[in-house]
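Protein chains: 2
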Amino acid sequence: MSKHEASLSFFALGGLHEIGKNMYAIEYGDKIIVIDCGNKFPDESLLGVDLIIPDMSYLQENKDRIKALIVTHGHEDHIGGIPYFLKKMNVPVYATRFTLGLIELKLDEHKLLRDTELVEINRDSELNFDEISVNFFKVSHSIPDCLGIVFTTPEGKIVHTGDFKFDLTPAGNEHSDIHKMAEIGREGVLLLISESTNAERPGLTPTEQMVGDHVLEAFRKAKRKVILSTFASNIHRVQQVVDACHITNRKLALLGRSMLNVVDIAMERGYLNVPEGMLIEQDQINELPPEQVAVLCTGSQGEPNAALARLSTGNFRGVEILPEDTVIFAAGPIPGNERNVTKIVDNLFTLGAKVIYGSGKGMHVSGHGYQEDLKLMLTLMRPTYFVPIHGEYRMLHLHRELAESVGVEEGNTFLINNGDVLDIKNKVATQTRNIPTGNTYVDGVAAGDVGEIVLRDRKQLSEDGMLVIVLTMSKRERRLISEPDTITRGFVYAKESEELLKDVNRLIKKTVSEIKGENKYQWNEIKQNVRKSVGQHIFKQTRKKPMILPIIIEV
Amino acid sequence: MSKHEASLSFFALGGLHEIGKNMYAIEYGDKIIVIDCGNKFPDESLLGVDLIIPDMSYLQENKDRIKALIVTHGHEDHIGGIPYFLKKMNVPVYATRFTLGLIELKLDEHKLLRDTELVEINRDSELNFDEISVNFFKVSHSIPDCLGIVFTTPEGKIVHTGDFKFDLTPAGNEHSDIHKMAEIGREGVLLLISESTNAERPGLTPTEQMVGDHVLEAFRKAKRKVILSTFASNIHRVQQVVDACHITNRKLALLGRSMLNVVDIAMERGYLNVPEGMLIEQDQINELPPEQVAVLCTGSQGEPNAALARLSTGNFRGVEILPEDTVIFAAGPIPGNERNVTKIVDNLFTLGAKVIYGSGKGMHVSGHGYQEDLKLMLTLMRPTYFVPIHGEYRMLHLHRELAESVGVEEGNTFLINNGDVLDIKNKVATQTRNIPTGNTYVDGVAAGDVGEIVLRDRKQLSEDGMLVIVLTMSKRERRLISEPDTITRGFVYAKESEELLKDVNRLIKKTVSEIKGENKYQWNEIKQNVRKSVGQHIFKQTRKKPMILPIIIEV
């Protein structure tokens, strides 16, 4: 397809068949508009990797065609990749006031703030990129200032929901633009792109106000200090904690860098209303009677270096959790974090704290719509075509079933994968081609420099360690001119394994001396023989497979 | 305390403040009776470690005093450490017929079967070790043939519950000896030692029969092949699957080594009743119409090498999951396994299978009593003293609250830790002393040979890899006589980091040449300087901290 033929396409560079690193794009003719640029956190198999971001090589090759990066909201899985994106292509970034605050924080860390064009938008903004005009509608979620996006193109309207739930009594001024959505649907939607996170959960998401009620009740019951941990970005929940402090006459201290940063942005930009004099510094906590203090902190996911983990082991300088203090986990564990969370709960019990944790306590609601929310969005939008996004395969699959249950025609839902391109021409959608995509690993400062071999080596090193064998050999006579040197790390403790290492030394000498003829002149042959014989011996003796690294020094 | 003073003690070598590696002991005078010897699986921070078992050094030092190892049931966290125990001390092992079957399998693998004295016991057995007599009572759990133990001593009775729930309609002949328990309680229990796994969960555990009903319903609905995965050791659940096959007229194939092994033991010893001709071999699956086949397999916890994981990726030779097949997860994920499980669920969806997974589907019930079960045990036993075991701290703590709620006197519950010794003299319990204890890591064949240094090295290697620097130096002139050799593994991909490695080489030469005076004659000084300057340079350039290993070859 030529670049300048005016056809409409949609694809994802991340966010399909996975939770995380959301990045989507709309192409019309020679223009590309990018939606979100998130990261994902690696699981433990990706040893040493800090972050995963989408492979953006397609965008890089077409960077002159990119008109905008539009960001739906400020969660890491939607903004965490932006610095890496902007390092490769300088594109204006469009986002709401609160979202921009979080993006600016990130760009500042990466020294990108000065050279980036940031454009503030809101629910009423309209952007125009020649044939494409872009409008927005507000959605409720677990962070302020979230938008859904409407792209009006010559082919028809494409709607991207962003992350959403329908909360009819949200905390803060965060009502969904439900009438606007209905109007968009009435006008006709060609393609709906909707998030699928909770497509497995029946019913409707509970309202955020429920959390507020439970928090207040717990604050009222608490006879001493209350420590509450939640996601820093959930400013509505933070507001409800502030309100509970106000009603129960407590001062509030904030602990944890991201809590301080995000609350700062929220207050400065008018998303959080804290009564004058309520906030206290960390070192004032001990100066007040415990029943007049609350602490809001990071670490609800069990992160080992966050405030709550350090509080739970008595390692937070100047702040102590004492018997009869109340500790509230106002966030459910994200899958994979359960063990870290229960470890902290356990530590808090040993300190004698009253701990409110686990589901069923009403201290957390999801920000992502359940099945009935998803069906309501589909019903309002009445799309001709539907692409479920933002979910693992089973969620996308179940979301398709939901779509069909409310009238999307069978065959009109596309379960595409990252890189698959949905082309729309004359109002007919087809998926036949794809663009290159994948994971880019951020490992240290450079993005994309850690490959499969490096990761495979790390895995072997992590489980069985290594054994370096230095062979000093005469160039002419091809024989060892001194004892082989063996050095182990991460394998066995050398002092306790003297016998084994002596045997290995004997075996090395034997192996080298037995190499005959031409092979004697092939250093690689010698290395390979040593690696093999030593490896076999060690495996037989210990069942371990350390990395064996023979080094030959010619003298 | 002299070894021969007749006093009664209880302690744990594992199982307190943790889930796993259960090992408890009763001491009376010069006699020790050990209860259970389990293992625990390491979390991902213990790189390369295969298993964790209790530190048994106290028992080893007192091995002549140990009269018996009594095993309550056959789960890994109660029998997994037995081979390592028996390698260090030859003690007769007492267990029920089914439990012995599983222990024998293990001893056979470790070549210990011939030299171990195995004694079969049942609910009616009585053992006598001079002043101590030992009786048993049957408990319901998620594996057949489980026992609680009553130790009758001159001080009074100690009761150890084993793992239990009260299931009034259990599958199989696994009714609890509830009348016997009541009688024991009526006679008077000095000390109750009871498991705490589900002390956080209100209510009573649902009955295993509920699973049977749901399995049968799913089998009836299934139009094609059914694949069900559960714990191999849950023979009652296996029996219910067999029954569902019988009713719905399906043949049954078993996949996975442990499923084959355990079913074999269960059938041979009369714990599982499979109709003649129902079992088929794996290669017969494709010969039958799919609606006449069921498959029972391992891998319900998402284990990457187990049968279900391989089936889900199409990597099980000869067996395929096809669209409209039904796959049932008849086991809840153990905390920490959630991600691996959902990965498999996702893969199964892509194959087009109907997947029944997640809580609320009635396909799993716990084998451990909830709060009401625990209170019933406490009520039946009416102990003077109480020690909650088998749980993390919060569970033990909550179990104490349950005990007090049914009448155990405040101050009579001991929340002890592994190694703490509870001494009972003249019917008064005190806890003032302890014995050495801790974790022993099984890493390869040897137990206990992996220390903190090795694990720390593995962690560094796993995240940042390593850089070996070989310096060939003249002994006399103390200078480099050739270019330094640098070899990286798990750090960066050398081909893509030529510049960095060139810089490192230059830096090494500069560092070595700048070492002056006396230090020139200290190889360690040279190594340290190289390590430091190279480390700083690399961190500045990459934010990575590879292990730097300078090696000096004197020539």
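From first to last, the protein sequence lines are chains A and B.
Just so you know, full-length UniProt numbering puts 541 at position 541 of the first sequence, and the rest follows in order with no gaps.
Just so you know, full-length UniProt numbering puts 326 at position 326 of the second sequence, and the rest follows in order with no gaps.
We treat Cβ as the ideally placed atom computed from N, Cα and C, and that holds for glycine.
Please read all numbers here as calculations on a predicted model, not as lab measurements.
For residue j and residue i, the rounded distance between their alpha carbons
i                     : j                     : result
residue 1 (chain A)   : residue 433 (chain A) : Residue confidence is low: residue 1 (chain A) scores 41 on pLDDT, short of 50, so the model does not pin down where it sits. Its coordinate-derived value is still stated next. Straight-line Cα distance between these residues: approximately 10 Å.
residue 542 (chain A) : residue 115 (chain B) : 23 Å
residue 71 (chain A)  : residue 95 (chain A)  : 5 Å
residue 421 (chain A) : residue 540 (chain B) : 41 Å
residue 109 (chain B) : residue 440 (chain B) : 20 Å
residue 171 (chain A) : residue 363 (chain A) : 14 Å
residue 484 (chain B) : residue 472 (chain B) : 7 Å
residue 267 (chain A) : residue 144 (chain A) : 12 Å
residue 141 (chain A) : residue 400 (chain A) : 22 Å
residue 291 (chain B) : residue 356 (chain B) : 17 Å
residue 219 (chain B) : residue 237 (chain B) : 14 Å
residue 304 (chain A) : residue 343 (chain A) : 10 Å
residue 428 (chain A) : residue 60 (chain A)  : 29 Å
residue 415 (chain A) : residue 9 (chain A)   : 15 Å
residue 7 (chain B)   : residue 22 (chain B)  : 24 Å
residue 241 (chain B) : residue 307 (chain B) : 17 Å
residue 340 (chain A) : residue 101 (chain A) : 30 Å
residue 460 (chain A) : residue 538 (chain A) : 15 Å
residue 209 (chain A) : residue 99 (chain A)  : 22 Å
residue 217 (chain B) : residue 223 (chain B) : 12 Å
Residue i: first and last residue of the uninterrupted alpha helix (DSSP H) it sits in
i                     : result
residue 349 (chain B) : 338-350
residue 245 (chain B) : 235-248
residue 539 (chain A) : 523-542
Buried versus exposed call for residue i [16 or more other C-beta atoms within 10 Å across all chains shown]
i                     : result
residue 176 (chain B) : buried
residue 229 (chain B) : buried
residue 3 (chain B)   : Interpretation of residue 3 (chain B) is limited by its pLDDT of 43, a score under 50 that renders its predicted location unreliable; the figure taken from the coordinates is listed afterwards. The residue is exposed, with fewer than 16 neighbouring Cβ atoms inside 10 Å.
residue 463 (chain A) : buried
residue 247 (chain B) : exposed
residue 521 (chain A) : exposed
residue 205 (chain B) : buried
residue 12 (chain B)  : buried
residue 481 (chain B) : exposed
residue 43 (chain B)  : exposed
residue 249 (chain B) : exposed
residue 163 (chain B) : buried
residue 73 (chain A)  : buried
residue 437 (chain B) : buried
Residue interval of the beta strand (DSSP E) (run including residue i)
i                     : result
residue 485 (chain B) : 485-489
residue 61 (chain B)  : Careful: residue 61 (chain B) lies outside any beta strand (DSSP E), inside the alpha helix (DSSP H) at 57-61.
residue 433 (chain A) : 428-434
residue 95 (chain A)  : 93-95
Partners in chain B for residue i, counting only beta-carbon separations shorter than 8 Å
i                     : result
residue 339 (chain A) : 43, 335 and 336
residue 462 (chain A) : 47, 48, 458, 459, 461 and 462
residue 491 (chain A) : 454
residue 547 (chain A) : 489
Within chain A, partners of residue i - CB distance below 7 Å
i                     : result
residue 397 (chain B) : 349
residue 535 (chain B) : Those do not exist, as residue 535 (chain B) stays about 14 Å from chain A at its closest Cβ, beyond 7 Å.
Contact list for residue i against chain A, beta-carbon separation under 9 Å
i                     : result
residue 392 (chain B) : 342, 343, 345, 346 and 349
Interface partners of residue i on chain A, CB under 8 Å
i                     : result
residue 256 (chain B) : The premise fails here: residue 256 (chain B) is roughly 22 Å from chain A at the closest Cβ pair, so nothing lies under 8 Å.
residue 485 (chain B) : 551 and 553
residue 465 (chain B) : 48, 454, 457, 458 and 461
Chain-ordered chain B contacts of residue i [CB-CB under 7 Å]
i                     : result
residue 553 (chain A) : 470, 472 and 553
residue 444 (chain A) : 542, 543 and 544
residue 451 (chain A) : 493
Three or more C-beta pairs below 8 Å linking the region 247-263 of chain A and the region 290-299 of chain A: The region 247-263 of chain A makes contact with the region 290-299 of chain A, as at least three CB pairs between them are under 8 Å.
Is the region 307-324 of chain A touching the region 368-377 of chain B, taking contact as three or more C-beta pairs under 8 Å? Here the region 307-324 of chain A makes no contact with the region 368-377 of chain B; the two share fewer than three CB pairs at distances below 8 Å.
Indicate whether the contact test is met: 3 or more Cβ pairs, each with one atom in the region 83-95 of chain A and one in the region 514-528 of chain B, closer than 8 Å. The region 83-95 of chain A makes no contact with the region 514-528 of chain B: fewer than 3 CB pairs, one atom from each, lie closer than 8 Å.
Counting beta carbon pairs with one atom in the region 16-34 of chain B and one in the region 382-402 of chain B, are three or more of them shorter than 8 Å? Cβ pair count under 8 Å is three or more, so yes.
Three or more C-beta pairs closer than 8 Å, one from the region 323-334 of chain A and one from the region 275-288 of chain A: is that the case here? Taking 8 Å as the limit for Cβ pairs, the verdict is that the region 275-288 of chain A does not touch the region 323-334 of chain A.
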